[in-house]
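Asker: Respectively, the protein sequence lines represent chains A and B. All residue numbers for the first sequence refer to this note's numbering, where the first residue is 95 and numbers rise by one. All residue numbers for the second sequence refer to this note's numbering, where the first residue is 4 and numbers rise by one.
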Amino acid sequence: NAGVTQTPKFRVLKTGQSMTLLCAQDMNHEYMYWYRQDPGMGLRLIHYSVGEGTTAKGEVPDGYNVSRLKKQNFLLGLESAAPSQTSVYFCASSYSYYEQYFGPGTRLTVT
Amino acid sequence: TQLLEQSPQFLSIQEGENLTVYCNSSSVFSSLQWYRQEPGEGPVLLVTVVTGGEVKKLKRLTFQFGDARKDSSLHITAAQPGDTGLYLCAGAKTSYDKVIFGPGTSLSVIP
């Protein structure tokens, strides 16, 4: 089993560009999450999903959109990237709200 | 305001030393998890504690949940360079609540 995978691993965007981060899990988990991790800020929840076709806002949702069309996939979109969105993005999945399994991360730089 | 605080923020020790890191809150949690994150990777779940006063051991790592379920500690015996990483605690107030993460303790074990 691959667990949780994320693509791409690295990306550089210019301000105003858009992109989509893809997260895939093969553990049949209902719950999926997108976090961003910044120095000294810990992991902050952007959006999450409790099942296929559902999404909800987390702590820092502004500037991001998500979709969960298939149970195994959770997409994070940036419509108009800003330098403040430079961060490391982690996807996670779980059976319930806790005991989450994380992907390897995507390092995004917005110039 | 961080609902979960961790101390110390940074810790650098010599191989073979013992150490304890702490996770504290003013709120009661139904469960607490500890994760370890190595540089360039996603967090990996180490343990979940759910009962006040509970102690769990994972080889040289000992985890304790406070009696009042507001705090937790992680003790490492005879630290090794492979223990180097960011240790994150995470908690949920109820089994239906989203997990929140502390800011982490960055541990460096020097050979």
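The beta-carbon is built from N, C-alpha and C at its ideal position, and this holds for glycine as well. The structure displayed is predicted, hence computed values, not measured ones.
Report the option in SER161/A, CYS117/A, LEU163/A and TYR183/A whose CA atom is closest to the CA atom of PRO133/A.
Answerer: For the purposes of this step, residue 133/A is taken as the residue at position 39 of the first sequence. Of the listed residues, the one whose Cα sits closest to PRO133/A is TYR183/A.
Asker: Would you kindly report the start and end of the unbroken beta strand (DSSP E) that includes GLN93/B?
Answerer: By one-based count along the second sequence, residue 93/B stands at place 90. Just to set this straight, residue 93/B is Ala in the shown sequence, not Gln. Run containing ALA93/B: 88-95, per the beta strand (DSSP E) assignment.
Asker: If the criterion is Cβ atoms closer than 9 Å, does the pair GLY171/A and TYR158/A meet it?
Answerer: Counted from its first residue, the first sequence places residue 171/A at position 77. Counted from its first residue, the first sequence places residue 158/A at position 64. Yes, these two residues count as a Cβ contact at 9 Å.
Asker: Under 9 Å Cβ-Cβ, which residues of chain B neighbour SER174/A?
Answerer: Reading the first sequence from its first residue, position 80 is the one you call residue 174/A. By Cβ distance, chain B contributes nothing, its closest Cβ being about 27 Å from SER174/A, past 9 Å.
Asker: If you draw a straight line from the C-alpha of PRO84/B to the C-alpha of SER10/B, how long is it?
Answerer: Taking the second sequence and counting its residues from 1, the one referred to as residue 84/B is at position 81. Taking the second sequence and counting its residues from 1, the one referred to as residue 10/B is at position 7. Looking at the two C-alpha atoms, the distance is approximately 20 Å.
Asker: Just to confirm the assignment, what range does the beta strand (DSSP E) spanning ARG72/B have?
Answerer: Locating residue 72/B in the second sequence gives position 69, counting from the first residue. From DSSP, ARG72/B is part of no beta strand (DSSP E); its letter is neither H nor E.
Asker: Give me the Cβ distance between VAL112/B and SER76/B, rounded to the nearest whole Å; I'm assuming they're in contact under 8 Å.
Answerer: Taking the second sequence and counting its residues from 1, the one referred to as residue 112/B is at position 109. Taking the second sequence and counting its residues from 1, the one referred to as residue 76/B is at position 73. The Cβ separation is near 18 Å, so there is no contact.
Asker: Alpha carbon to alpha carbon, what distance is there between GLY56/B and GLU44/B?
Answerer: If you number the second sequence from 1, residue 44/B lands on position 41. If you number the second sequence from 1, residue 56/B lands on position 53. Using only the alpha carbons, I get a separation of about 31 Å.
Asker: Tell me the DSSP secondary structure of SER111/B in three-state form.
Answerer: Residue 111/B sits at position 108 when you count from the first residue of the second sequence. SER111/B: strand per DSSP, three-state reduction.
Asker: For GLY199/A versus GLN119/A, is the C-beta spacing smaller than 9 Å?
Answerer: Reading the first sequence from its first residue, position 105 is the one you call residue 199/A. Reading the first sequence from its first residue, position 25 is the one you call residue 119/A. No, these two residues do not count as a Cβ contact at 9 Å.
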